[in-house]
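Protein chains: 2
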Amino acid sequence: MESLTLYHAPSSPHSRRVRIFLAEKQLEIPAVTVDLGKRQQFSDWFAAINPRLQVPVLRVGDESITEVPAIQRYLEEVQPDPALLGHRPLDKARITMWDRRVDLDFFAPALEGIRNAIPGLASRALSGPYDYVQIPNLVDRSRKRVENFYTDLEARLRSSTFIAGEEFSVADITALVATDLATGGLKIPIPESHAGTRRWYSCVSSRPSALA
Amino acid sequence: MESLTLYHAPSSPHSRRVRIFLAEKQLEIPAVTVDLGKRQQFSDWFAAINPRLQVPVLRVGDESITEVPAIQRYLEEVQPDPALLGHRPLDKARITMWDRRVDLDFFAPALEGIRNAIPGLASRALSGPYDYVQIPNLVDRSRKRVENFYTDLEARLRSSTFIAGEEFSVADITALVATDLATGGLKIPIPESHAGTRRWYSCVSSRPSALA
Numbered sequence: 001m002e003s004l005t006l007y008h009a010p011s012s013p014h015s016r017r018v019r020i021f022l023a024e025k026q027l028e029i030p031a032v033t034v035d036l037g038k039r040q041q042f043s044d045w046f047a048a049i050n051p052r053l054q055v056p057v058l059r060v061g062d063e064s065i066t067e068v069p070a071i072q073r074y075l076e077e078v079q080p081d082p083a084l085l086g087h088r089p090l091d092k093a094r095i096t097m098w099d100r101r102v103d104l105d106f107f108a109p110a111l112e113g114i115r116n117a118i119p120g121l122a123s124r125a126l127s128g129p130y131d132y133v134q135i136p137n138l139v140d141r142s143r144k145r146v147e148n149f150y151t152d153l154e155a156r157l158r159s160s161t162f163i164a165g166e167e168f169s170v171a172d173i174t175a176l177v178a179t180d181l182a183t184g185g186l187k188i189p190i191p192e193s194h195a196g197t198r199r200w201y202s203c204v205s206s207r208p209s210a211l212a
Numbered sequence: 213m214e215s216l217t218l219y220h221a222p223s224s225p226h227s228r229r230v231r232i233f234l235a236e237k238q239l240e241i242p243a244v245t246v247d248l249g250k251r252q253q254f255s256d257w258f259a260a261i262n263p264r265l266q267v268p269v270l271r272v273g274d275e276s277i278t279e280v281p282a283i284q285r286y287l288e289e290v291q292p293d294p295a296l297l298g299h300r301p302l303d304k305a306r307i308t309m310w311d312r313r314v315d316l317d318f319f320a321p322a323l324e325g326i327r328n329a330i331p332g333l334a335s336r337a338l339s340g341p342y343d344y345v346q347i348p349n350l351v352d353r354s355r356k357r358v359e360n361f362y363t364d365l366e367a368r369l370r371s372s373t374f375i376a377g378e379e380f381s382v383a384d385i386t387a388l389v390a391t392d393l394a395t396g397g398l399k400i401p402i403p404e405s406h407a408g409t410r411r412w413y414s415c416v417s418s419r420p421s422a423l424a
């Protein structure tokens, strides 16, 4: 395997998705902390690693892999066990489907609701190299989307042990991080009546990887 | 291989991403057209196929796989040649990274700019089972994001034959469909001065699969 280094930030939910993935695979790789409080993501040294100014980055030899699912894909390929992206073709497709739903309909709106409301991010509604001003109407819409996703998630978790089926997968990692983001940042916890989701959350959040 | 059926709509850009993918693999599978003009995506028969009321859907036996990258993952697994998601681990990661960037920073904003502006979609700014009203400010922001992505794409295509490297991949399919969406729906064509992107577009749009 080529030399690997993870660039990440402790408070970054994207980074946490990769850290939990690594922990589930019991992979330990050298890590460099990017201090977002000190705006190190905008520093020259980090821009040389990732011109998109975002964490996490997996450095593979002298190449930077960004985007959480791309980093996870690489790690799954070089260390297939335990499989977090699936075994057989249909498992892989089902896991990709659920992970994407969780990512785009839960994780992304939770983050959008937070980023469009924080006073310090008035011109930084989206991360990356370009500035975009906040859109206040997105805060309400994001909150509605998170609430609607909780409804969908409960329907799924009443009949399924984990999100993509009977085995733990990357979709559970994404949903765990999104749930913590919604609960903490948006103050929208899992509704009391959602017994299936609460059972699932209790299970996944008590895995040792959740601390990563 | 289990029995496969594609549910798609001719005018749906998501559906086109799957059709081009199938054409590149020279895979022909039975297809059912969902007539969006007749609102068939909201019909009972289609809701039974996909309760999320979205096309495309790949039916595998009696299971529905939705979400374009999940459908593409399944097809790549059951027919690996030609590889559109990469061969070696680092290729796979690089293709996943570029495809996601194109998807989230180009395809998605192009569609967002269109959906938030069409009078007939006033309460349907997002597809799916829930109604969300349009947010006019998103139209301007989406247009800026598409323009900024053209800048990034040009920087990439001045030094790379295809988007993820020297081989055609799924990232080129996503970007082709996004370019046509931006050009047609948003009236933002590739800037005249972007020679690298124009060279690339000419190449990928003349592949027979582009007609799919």
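Protein chains in written order, with my numbering: chain A, 1 to 212; chain B, 213 to 424.
Glycine residues also receive a C-beta, built at the ideal position from the N, C-alpha and C atoms.
Would you kindly report the start and end of the unbroken beta strand (DSSP E) that includes serine 193 of chain A? Position 193 of the first sequence, counted from the start, is the residue given in the question as residue 193 of chain A. No beta strand (DSSP E) holds serine 193 of chain A; DSSP gives it neither H nor E.
State buried or exposed for serine 169 of chain A, treating a residue as buried only when at least 16 other CB atoms are found within 10 Å of its CB. Mapped onto the first sequence, residue 169 of chain A falls at position 169. Buried.
Rounded separation between valine 55 of chain A and threonine 33 of chain A - CA only: Taking the first sequence and counting its residues from 1, the one referred to as residue 55 of chain A is at position 55. Taking the first sequence and counting its residues from 1, the one referred to as residue 33 of chain A is at position 33. Near 10 Å, if we compare the C-alpha coordinates of threonine 33 of chain A and valine 55 of chain A.
Can you tell me the Cβ-Cβ gap for phenylalanine 106 of chain A and valine 146 of chain A, rounded? I've got them flagged as a contact below 8 Å. The residue you call residue 106 of chain A lines up with position 106 of the first sequence. The residue you call residue 146 of chain A lines up with position 146 of the first sequence. With 8 Å as the limit, phenylalanine 106 of chain A and valine 146 of chain A qualify as a contact, their Cβ atoms being about 7 Å apart.
So which residues of chain A does lysine 304 of chain B contact, with C-beta pairs closer than 8 Å? The residue you call residue 304 of chain B lines up with position 92 of the second sequence. Per Cβ cutoff of 8 Å: Arg73, Tyr74 and Glu77.
What residue does the beta strand (DSSP E) around tyrosine 342 of chain B start on, and which one ends it? Looking up residue 342 of chain B in the second sequence gives position 130. First-last for tyrosine 342 of chain B: undefined, no H or E at that position.
Could you list which residues in chain A have their beta carbon closer than 8 Å to that of alanine 329 of chain B, in chain order? Your numbering for residue 329 of chain B matches position 117 in the second sequence. Within chain A, not a single residue places a beta-carbon under 8 Å from that of alanine 329 of chain B; the smallest gap is close to 15 Å.
What did DSSP end up calling glycine 273 of chain B once you bin it into helix, strand or coil? The residue labelled residue 273 of chain B in the question sits at position 61 within the second sequence. Three-state DSSP puts glycine 273 of chain B in coil, outside helix and strand.
Whole-angstrom distance between valine 18 of chain A and proline 30 of chain A, CA atom to CA atom: On the first sequence, position 30 is the one that residue 30 of chain A refers to. On the first sequence, position 18 is the one that residue 18 of chain A refers to. When rounded, the distance between both Cα atoms is 13 Å.
At the level of alpha carbons, what is the spacing between arginine 368 of chain B and tryptophan 257 of chain B? Numbered from its first residue, the second sequence carries residue 368 of chain B at position 156. Numbered from its first residue, the second sequence carries residue 257 of chain B at position 45. Roughly 44 Å separates the two Cα atoms.
Is it buried or exposed, glutamine 253 of chain B, if we count other Cβ atoms within 10 angstroms and call 16 or more buried? Here residue 253 of chain B refers to the residue found at position 41 of the second sequence. By the neighbour-count definition (other C-beta atoms within 10 Å, threshold 16), glutamine 253 of chain B is a buried residue.
When the Cβ atoms of the stretch 347-356 of chain B are set against those of the stretch 296-315 of chain B, are three or more pairs found closer than 8 Å? Here the stretch 347-356 of chain B makes no contact with the stretch 296-315 of chain B; the two share fewer than three CB pairs at distances below 8 Å.
Out of A:Ile49, A:Ser159 and A:Leu22, state which residue places its alpha-carbon closest to the alpha-carbon of arginine 73 of chain A. Position 73 of the first sequence, counted from the first residue, corresponds to residue 73 of chain A. For arginine 73 of chain A, the nearest C-alpha among the options comes from A:Leu22.
At a CB-CB cut-off below 8 Å, which residues of chain B make contact with asparagine 137 of chain A? Here the question's residue 137 of chain A lines up with position 137 in the first sequence. Using a Cβ-Cβ cut-off of 8 Å, asparagine 137 of chain A is close to Ile347 and Asn349 of chain B, given in chain order.
So, is the C-beta of glutamate 112 of chain A closer than 7 Å to a C-beta in chain B? On the first sequence, position 112 is the one that residue 112 of chain A refers to. Chain B, which has no Cβ nearer than 7 Å to the Cβ of glutamate 112 of chain A, makes this no.
Simplified DSSP state of alanine 334 of chain B, which is helix, strand or coil: Here residue 334 of chain B refers to the residue found at position 122 of the second sequence. For alanine 334 of chain B, the secondary structure class from DSSP, reduced to helix, strand or coil, is coil.
So threonine 183 of chain A is in the beta strand (DSSP E); what residue range does that whole segment cover? On the first sequence, position 183 is the one that residue 183 of chain A refers to. Segment 170-184 is the alpha helix (DSSP H) holding threonine 183 of chain A; no beta strand (DSSP E) there.
Do you know whose CA, among B:Gly397, B:Thr373 and B:Leu398, lies nearest glycine 408 of chain B's CA? Taking the first residue of the second sequence as position 1, residue 408 of chain B is located at position 196. When the alpha-carbon of glycine 408 of chain B is set against those of B:Gly397, B:Thr373 and B:Leu398, the nearest one is in B:Thr373.
Exposure of leucine 27 of chain A, with buried meaning 16 or more beta-carbon neighbours within 10 Å: Taking the first residue of the first sequence as 1, we reach residue 27 of chain A at position 27. Leucine 27 of chain A should be labelled exposed.
Span of the beta strand (DSSP E) around histidine 226 of chain B: Position 14 of the second sequence holds residue 226 of chain B. Run containing histidine 226 of chain B: none in the beta strand (DSSP E); it sits in the alpha helix (DSSP H), 225-236.
Do the stretch 73-88 of chain A and the stretch 165-181 of chain A make contact, defined as three or more Cβ pairs closer than 8 Å? Yes: at least three Cβ pairs fall under 8 Å.
With DSSP run on the structure shown, which of helix, strand or coil describes glycine 165 of chain A? Here residue 165 of chain A corresponds to residue number 165 of the first sequence, with the count starting at 1. When DSSP states are grouped into helix, strand and coil, glycine 165 of chain A belongs to the strand group.
Could you tell me whether the Cβ of valine 389 of chain B comes closer than 7 Å to any Cβ of chain A? One-based indexing of the second sequence puts residue 389 of chain B at position 177. Closer than 7 Å: no.
In angstroms with no decimal places, state the Cα-to-Cα distance between valine 351 of chain B and alanine 390 of chain B. Taking the first residue of the second sequence as 1, we reach residue 351 of chain B at position 139. Taking the first residue of the second sequence as 1, we reach residue 390 of chain B at position 178. Rounded to whole angstroms, valine 351 of chain B to alanine 390 of chain B spans 16 Å at the Cα level.
Comparing the C-beta of isoleucine 174 of chain A with each C-beta of chain B, is any distance below 7 Å? Mapped onto the first sequence, residue 174 of chain A falls at position 174. With the sequence shown as reference, residue 174 of chain A is identified as threonine, and isoleucine is not the correct amino acid for it. No, its Cβ sits nowhere closer than 7 Å to a Cβ of chain B.
At the 7 Å Cβ level, is asparagine 360 of chain B part of the contact set with chain A, yes or no? Here residue 360 of chain B refers to the residue found at position 148 when the second sequence is read from its first residue. True, the Cβ-Cβ gap to chain A drops below 7 Å.
Take the Cβ of threonine 151 of chain A as the centre, count every other Cβ of all protein chains shown within 10 Å, and call the residue buried at 16 or more, exposed below. For the purposes of this step, residue 151 of chain A is taken as the residue at position 151 of the first sequence. So threonine 151 of chain A ends up on the exposed side.
Option nearest aspartate 65 of chain A by Cα separation, candidates B:Ile307, B:Ser255 and B:Leu316: As a first step, residue 65 of chain A must be located in the first sequence, where it is residue number 65. For clarity, residue 65 of chain A is isoleucine in the given sequence; the question names aspartate instead. The residue from B:Ile307, B:Ser255 and B:Leu316 with its alpha-carbon nearest to that of isoleucine 65 of chain A is B:Ile307.
Count the other C-beta atoms from every protein chain shown that fall within 10 angstroms of the C-beta of lysine 304 of chain B, then say buried if there are 16 or more, exposed otherwise. If you number the second sequence from 1, residue 304 of chain B lands on position 92. Buried is the call here.
Beta-carbon contacts of threonine 5 of chain A that lie in its chain and below 8 Å, excluding the five residues immediately before and after: Position 5 of the first sequence, counted from the start, is the residue given in the question as residue 5 of chain A. Counting only Cβ-Cβ distances below 8 Å, and skipping sequence neighbours, we find Ile29, Pro30, Ala31, Val32, Leu58 and Arg59.
Excluding the 5 residues preceding and the 5 following alanine 259 of chain B in the sequence, name in chain order all residues of the same chain whose CB lies nearer than 8 Å to its CB. In the second sequence, residue 259 of chain B corresponds to position 47, counting from 1. Taking C-beta separations shorter than 8 Å and ignoring five residues to either side along the sequence, the partners of alanine 259 of chain B in its chain run Leu265, following chain order.
Listed by chain order, chain B residues near isoleucine 65 of chain A by CB distance under 9 Å: On the first sequence, position 65 is the one that residue 65 of chain A refers to. In chain order: Leu302, Ala305, Arg306, Thr308 and Met309.
If we count the other Cβ atoms within 10 Å of its Cβ and call it buried at 16 or more, is proline 321 of chain B buried or exposed? Here residue 321 of chain B is taken as the residue at index 109 of the second sequence, counted from 1. Burial check for proline 321 of chain B: the Cβ neighbour count within 10 Å reaches 16 or more, so the residue is buried.
Proline 225 of chain B, buried or exposed, once every other Cβ within 10 Å from all chains shown has been counted against 16: To locate residue 225 of chain B, count along the second sequence from 1; it is residue 13. Of the other Cβ atoms in all chains shown, 16 or more fall within 10 Å of the Cβ of proline 225 of chain B; this residue is therefore buried.
Among A:Asp62, A:Asp131, A:Leu126 and A:Arg199, which one has its Cα closest to the Cα of serine 159 of chain A? Here residue 159 of chain A refers to the residue found at position 159 of the first sequence. Of the listed residues, the one whose Cα sits closest to serine 159 of chain A is A:Arg199.
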